[in-house]
Amino acid sequence: MGGSTGLIGDPRPTAERTLNTKDTVSEWVGYLQAQVRRFLSFEGDNAARMVNNLDWTAPLSAIDFLREIGKHFRVGTMLRKDAVASRLSSDEGISYTEFSYQILQGMDYLQLNRDYGCVLQTGGSDQWGNLTSGTELIRKVDGKIVHALGTPLITNSDGTKFGKSEGNAIWLDAHMCSPYAFYQFWLNTADADVVDRLKVFTFLSRAEIEELAAAVAERPFAREGQRRLAFEVTSLVHGVDATEKVIAASAALFGNGDLSVLDEGTLASATAELPSASIGTEGLGIIDLLVASGLSESKSAARRTVGRAAPT
Numbered sequence: 055m056g057g058s059t060g061l062i063g064d065p066r067p068t069a070e071r072t073l074n075t076k077d078t079v080s081e082w083v084g085y086l087q088a089q090v091r092r093f094l095s096f097e098g099d100n101a102a103r104m105v106n107n108l109d110w111t112a113p114l115s116a117i118d119f120l121r122e123i124g125k126h127f128r129v130g131t132m133l134r135k136d137a138v139a140s141r142l143s144s145d146e147g148i149s150y151t152e153f154s155y156q157i158l159q160g161m162d163y164l165q166l167n168r169d170y171g172c173v174l175q176t177g178g179s180d181q182w183g184n185l186t187s188g189t190e191l192i193r194k195v196d197g198k199i200v201h202a203l204g205t206p207l208i209t210n211s212d213g214t215k216f217g218k219s220e221g222n223a224i225w226l227d228a229h230m231c232s233p234y235a236f237y238q239f240w241l242n243t244a245d246a247d248v249v250d251r252l253k254v255f256t257f258l259s260r261a262e263i264e265e266l267a268a269a270v271a272e273r274p275f276a277r278e279g280q281r282r283l284a285f286e287v288t289s290l291v292h293g294v295d296a297t298e299k300v301i302a303a304s305a306a307l308f309g310n311g312d313l314s315v316l317d318e319g320t321l322a323s324a325t326a327e328l329p330s331a332s333i334g335t336e337g338l339g340i341i342d343l344l345v346a347s348g349l350s351e352s353k354s355a356a357r358r359t360v361g362r363a364a365p366t
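The opening residue of the sequence shown carries number 55 in this note's numbering; numbering runs sequentially from there.
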């Protein structure tokens, strides 16, 4: 957990990050710990370990940090890191705080190697400079060879990144994104992206994914790939029971399902995602209400709707 690095933030290519308070970062660490525990086992012979880098960073004095860690970093090498170079060539520049982030991440790898024998660090390809700062530090300080593995960034079919910076992030925390909204996010995946998403975010076999890929190509209107993707990922994050409830809610709102079988929480989270309008109803008849809410473009259109006995 990044209790210390979260207080700094890795440098973005465009602008300085806004520093968050210690209480805020501590709260985020708690949320992340709860999320990670749903996916990993911390018991048994091969139990996962979860540690917080604040535990070894906070006790370190500035003098010790510079002598024991900073001395092994060459400024020229640090300046060549992509994010740093990008910022230096801009009007924004870069603060020493963000410039030092790669040193902190390198120190994390050193600590994990010494304490737990960690020999592989993984991260997105945009973190490559930070990953290799650790491999180089361990080689210089302890004379050991360790490894870094960069994974490709997830992109949409149009080449845009999949994440917060592009405004299309999806949250694991149910308070940030309800199970219903989470399910709908995956259900709305474009045909061009769904097969790649199945490969990355599910544990389906190759044969199952190939079968779904064929279905997407032959019957895109059926959205078999999207429905399976939404079920698998939502079940993984929120559990099968919650997933079945949101599927029932979708059927009730958009199909032939029964609203009466939904519990209050599921119904509330589902309806919260629907288009809505808040207007005063005093003195409004049905015709005026349809127009005021935007459900009908005009009073004549509203009358036609009422005449068909099908207000929507």
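From the three backbone atoms N, C-alpha and C, an ideal C-beta is built for every residue, glycine too.
Would you decide whether residue i is buried or exposed? Buried here means 16 or more other CB atoms lie within 10 Å of its CB.
i, result
"K76", "exposed"
"T205", "exposed"
"P365", "Since pLDDT at P365 reaches only 46, below the 50 mark, its modelled position is unreliable, and no value is offered."
"I157", "buried"
"Y237", "buried"
"Q159", "buried"
"K135", "buried"
"E264", "exposed"
"R273", "exposed"
"L344", "buried"
"R251", "buried"
"Y163", "buried"
"D169", "exposed"
"Q181", "buried"
"L94", "exposed"
"P113", "exposed"
"V254", "exposed"
"E351", "exposed"
"K198", "exposed"
"V294", "exposed"
"M55", "buried"
"V248", "buried"
"S259", "exposed"
"G183", "buried"
"V79", "buried"
"V129", "exposed"
"F257", "exposed"
"A116", "exposed"
If distances are taken between C-alpha atoms only, which option among the options comes closest to residue i?
i, options, result
"M230", "R71, A355, Y85", "Y85"
"Y234", "A244, V291, K215", "V291"
"P67", "R168, E97, F257, D145", "D145"
"G171", "G183, S154, D196", "D196"
"G213", "A246, D227, Q181, L203", "A246"
"T151", "R71, N210, V249, S352", "R71"
"N167", "A202, H126, A296", "A202"
"D64", "W110, T131, F96, V138", "V138"
"S149", "L207, A284, A69, L191", "A69"
"L185", "T209, Y155, S211", "Y155"
"A346", "S332, K198, A271, T359", "S332"
"G279", "K353, A303, V287, L266", "L266"
"W110", "R92, T256, V300, Q165", "Q165"
"R193", "M161, T78, T359, T59", "M161"
"A228", "S179, V300, A276, A269", "V300"
"M104", "Q89, F275, G188, L307", "Q89"
"V200", "A116, Q175, A261", "Q175"
"I62", "R92, L108, Q87", "L108"
"R87", "R362, L191, N242, G57", "Here residue 87 turns out to be Gln, not Arg, going by the sequence shown. Ranking R362, L191, N242, G57 by Cα distance to Q87 puts G57 first."
"G319", "R92, S232, S143", "S232"
Need the endpoints of the alpha helix (DSSP H) that residue i sits in, please.
i, result
"T256", "From DSSP, T256 is part of no alpha helix (DSSP H); its letter is neither H nor E."
"G60", "59-62"
"S154", "Where S154 is concerned, there is no enclosing alpha helix (DSSP H), given that its DSSP letter is neither H nor E."
"E274", "The residue you asked about is not Glu; residue 274 is Pro in the sequence shown. No alpha helix (DSSP H) holds P274; DSSP gives it neither H nor E."
"T359", "353-361"
"F236", "233-241"
"E190", "182-196"
"S304", "294-308"
"L344", "340-346"
In the DSSP assignment, what are the bridge partners of residue i?
i, result
"H201", "L174"
"K135", "In the DSSP output, where bridge partners are listed per residue, K135 has none listed."
"T68", "T68 pairs with nothing; no bridge assigned."
"T209", "K215"
Mind checking if residue i is an interface residue toward chain D, Cβ cutoff 8 angstroms exclusive?
i, result
"A112", "Protein chains in the displayed structure number just one, and chain D is not present."
| field | In chain order, each beta strand (DSSP E) run of at least 3 residues that lies wholly inside the region 75-120 | value | none
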